[in-house]
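The sequence shown maps to residues 1 to 478 in full-length UniProt numbering.
Glycine residues also receive a C-beta, built at the ideal position from the N, C-alpha and C atoms.
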Amino acid sequence: MVREGVRPNVYTYSSVLRSCNGMSDVRMIHCGIFKEGLESDVFVRSALIDVFAKLGEPDDALSVFDEMVTGDAIVWNSIIAGFAQNNKSDEALKLFKRMKRAGFLAEQATLTSVLRACTGLALLELGMQVHVHIFKYDQDLILNNALVDMYCKSGSLEDARRVFRNMKERDVISWSTMISGLAQNGYSQEALKLFESMKASGTKPNYITIVGVLFACSHAGLLEDGWYYFRSMKKLYGIDPVREHYGCMIDLLGKAGKLDDAVKLLNEMECEPDAVTWRTLLGACRVQGNMVLAEYAAKKVIELDPEDAGTYTLLSNIYANSQKWDSVEEIRTRMRDIGIKKEPGCSWIEVNKQIHAFIIGDKSHPKIVEVNKKLNELIHRLIGIGYVPETNFVLQDLEGEQMEESLRHHSEKLALAFGLITLPIGKVIRIRKNLRICGDCHVFFKLAAKLENRSIVIRDPIRYHHFQDGKCSCGDYW
């Protein structure tokens with residue numbers, strides 16, 4: 001078109017931008033847009049913002065957005081969606097606030113992106129505020145799907161169930177989101193019953209649905225059910241197993257103590273196992289205490305993901321458990337040489353729409369003195385009813401009292417203490433954690449929930465734990 005002397009217009013650039021797969025193409029077209037003087041066109045700017053976001057460059061998208069004051073909701077929607085899609089939830093929410101201050105009304109597209117941002121940060125209170133704006137779009141399928149996802153990932157299952165029940169229209173995403181949400185929150189049997197209801201409704205499952213079903217089986221130790229769904233997915237639904245399906249089965253087999261079967265399945269995978277798959281096997285080995293296989297799996301993870309600090313730390317602990325101190329030092333030296341540091345445990349709690357973060361050893365929180373006082377009081381009371389710190393959950397080269405002191409100030413315990421002194425009695429305490437909850441904290445939270453008569457929800461990278469009346473929704477199987 002250009003060679004024949006036809007000048008591109010706004011429609012040309014809007015279309016071509018959406019076809020770009022690389023930054024070099026986008027840069028070249030961006031220059032052409034300036035040359036033609038079309039950079040202020042709403043549709044061109046929106047397409048530019050979309051393509052920068054799609055290619056993982058939201059900051060470039062923001063530069064385009066900030067080049068001039070916008071008078072159109074389309075551009076606002078594009079930039080908010082761009083940051084939400086790239087897991088930059090904080091920035092997406094800040095832009096949403098800017099949009100409201102600028103006098104623009106939130107549309108379906110805006111609200112879907114804002115819900116995604118709330119989901120990414122597990123901001124239940126803010127998500128509930130967004131829900132209020134959604135009532136006028138009550139039966140919008142995409143928004144309702146986003147709402148179910150947000151409530152599930154915030155650990156608020158009652159709200160998720162309510163939205164799902166009231167949906168007049170459901171698609172495969174609706175069913176899959178609810179099934180996965182129930183599984184992640186420890187309600188595996190309910191997830192499998194919902195899957196049967198989905199089939200009865202005539203909705204055909206997709207590969208994500210089956211991931212949710214296998215996830216439910218792996219989280220509840222339902223080995224026979226898991227094998228049935230895994231072996232029949234191709235025959236019944238025409239779905240070929242992919243890494244996520246294999247990962248769920250390897251996790252299920254490993255936790256059931258069938259490590260040989262897990263390794264066999266891993267070797268039979270039609271796709272090459274990635275770091276996530278090996279990490280799943282590693283977790284199962286840790287649970288079963290198979291240090292030989294754990295060492296092998298850890299080395300495979302490090303081969304595929306050389307900067308995975310958690311695996312280096314776990315491998316170091318494996319060697320320490322076996323008194324292989326030379327190997328421990330070798331791992332620590334390697335970490336220092338390539339600049340890898342152990343990721344500190346961090347927990348977040350939302351109070352009055354504000355996020356409060358806690359890290360072990362960090363004294364920067366303005367209420368840290370009150371938090372430590374409350375935590376020490378709680379520990380003293382729990383010890384009185386039988387709590388004993390399980391020191392095998394800290395690095396093995398720490399000694400006696402050091403071990404107990406380390407456990408005492410795990411970040412989720414600090415967040416719990418803050419929740420107890422700031423949230424009213426009867427309100428659920430919701431905590432998000434960046435690392436898997438340890439066995440000691442799991443025992444601690446079961447006892448604390450009973451002693452304080454509180455419901456406590458912890459979301460870690462693996463799953464959700466709902467603590468109430470001395471029990472956890474995971475049934476101590478995680």
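Where residue i sits in the DSSP three-state scheme
i, result
"I462", "coil"
"C441", "helix"
"E4", "coil"
"F104", "coil"
"V295", "The question names Val, but residue 295 in the sequence shown is Glu. Helix at E295."
"E350", "strand"
"C20", "coil"
"I456", "strand"
"Q468", "strand"
"D397", "Low per-residue confidence applies at D397: pLDDT is 41, beneath 50, and the placement is therefore not dependable enough to give any value."
"E190", "helix"
"H409", "coil"
"T203", "coil"
"M335", "helix"
"N87", "coil"
"Q288", "helix"
"G345", "coil"
"K363", "coil"
"N9", "coil"
"C474", "coil"
"L93", "helix"
"S218", "helix"
Range of the contiguous beta strand (DSSP E) that encloses residue i
i, result
"R430", "I429 to K433"
"A357", "Q354 to I359"
"W175", "Looking at the DSSP string, W175 is not in any beta strand (DSSP E); the run it does join, the alpha helix (DSSP H), is V172 to Q184."
Closest Cα partner of residue i within the set the options
i, options, result
"P389", "K413, I421 and G345", "K413"
"K125", "D149, T313, V2 and E350", "Contrary to the premise, residue 125 reads as Glu rather than Lys in this sequence. Cα-wise, what sits closest to E125 is E350."
"G37", "K136, R454 and N9", "N9"
"C438", "V276, K88 and W478", "W478"
"I179", "G212, V172, Y151 and A160", "G212"
"R165", "K100, R231 and S197", "S197"
"V132", "L115, I142, T119 and L121", "L115"
"K299", "L315, S19 and A284", "L315"
"S156", "L182, K363 and K168", "L182"
"N352", "V263, L123 and D149", "L123"
"S89", "H365, V276 and C118", "C118"
"L420", "Y387, K374, I385 and D460", "K374"
"V130", "I74, S19 and Q108", "Q108"
"R334", "E169, G470 and A309", "A309"
"P424", "L435, M99, S455 and R436", "S455"
"E268", "Q468, R279, A275 and V242", "V242"
"M23", "I458, S40 and K54", "K54"
Residues near residue i by beta carbon distance below 7 Å, same chain, minus five either side
i, result
"F83", "P58, E91, A92 and L95"
"L214", "G226, Y229, F230, H245, C248 and M249"
"G111", "The sequence given here places Leu at residue 111; Gly does not occur at that position. Here the set comprises V130, H133, I134 and L143."
Range covered by the alpha helix (DSSP H) that runs through residue i
i, result
"V369", "I368 to G384"
"C248", "R243 to K255"
"T313", "A309 to N321"
"V388", "It is not in any alpha helix (DSSP H) - V388 carries neither H nor E in the DSSP assignment."
"residue 493", "Because the chain spans 1 through 478 in this model, residue 493 falls outside it and cannot be assessed."
"I425", "Unbroken run through I425: none, as it is neither H nor E."
"H131", "L124 to I134"
"G226", "L223 to Y237"
"C152", "L141 to K153"
"S63", "P58 to D66"
"I340", "Element bounds for I340: n/a, residue is neither H nor E."
"S40", "That residue, S40, is in no alpha helix (DSSP H); it is neither H nor E in DSSP."
Residues near residue i by beta carbon distance below 6 Å, same chain, minus five either side
i, result
"V6", "none"
"S347", "F358, S411, E412, A415, I431 and K433"
"P344", "I359"
"F393", "Residue placement at F393 is flagged as unreliable, the pLDDT there being 49, under the threshold of 50; a coordinate-derived value is accordingly withheld."
"D362", "none"
"D50", "S78"
"F104", "A73 and W76"
"A81", "S113"
"F237", "Phe is not the amino acid found at residue 237; the sequence shown has Tyr there. Here the set comprises P205."
Proximity test, Cβ basis, 7 Å: residue i and chain B
i, result
"H380", "Looking at the structure shown, chain B is missing, and only one protein chain is on hand."
Closer than 6 Å: residue i CB and nearest the ligand MG heavy atom
i, result
"T203", "With respect to small molecules bound, the structure shown includes none, and the ligand MG cannot be examined in it."
Cut-off 8 Å between Cβ atoms - residues of its own chain near residue i, not counting five sequence neighbours on either side
i, result
"T12", "M1"
"R463", "Q184, N185, G186, H219, C474 and W478"
"T203", "R170, D171, V172 and W175"
Using a Cβ distance threshold of 8 Å, determine whether the segment 439-446 contacts the segment 409-425, with at least three qualifying pairs required.
yes
Counting beta carbon pairs with one atom in the segment 280-292 and one in the segment 252-265, are three or more of them shorter than 8 Å?
yes
Do the segment 299-306 and the segment 316-328 meet, that is, are 3 or more Cβ pairs less than 8 Å apart?
no
Decide if the segment 233-240 is in contact with the segment 200-218; the criterion is three or more beta carbon pairs, one per stretch, under 8 Å apart.
yes
Evaluate contact between the segment 214-224 and the segment 181-192, counting only Cβ atoms and requiring at least three cross-stretch pairs below 8 Å.
yes
With three or more beta-carbon pairs closer than 8 Å as the criterion, would you say the segment 374-384 touches the segment 328-348?
no
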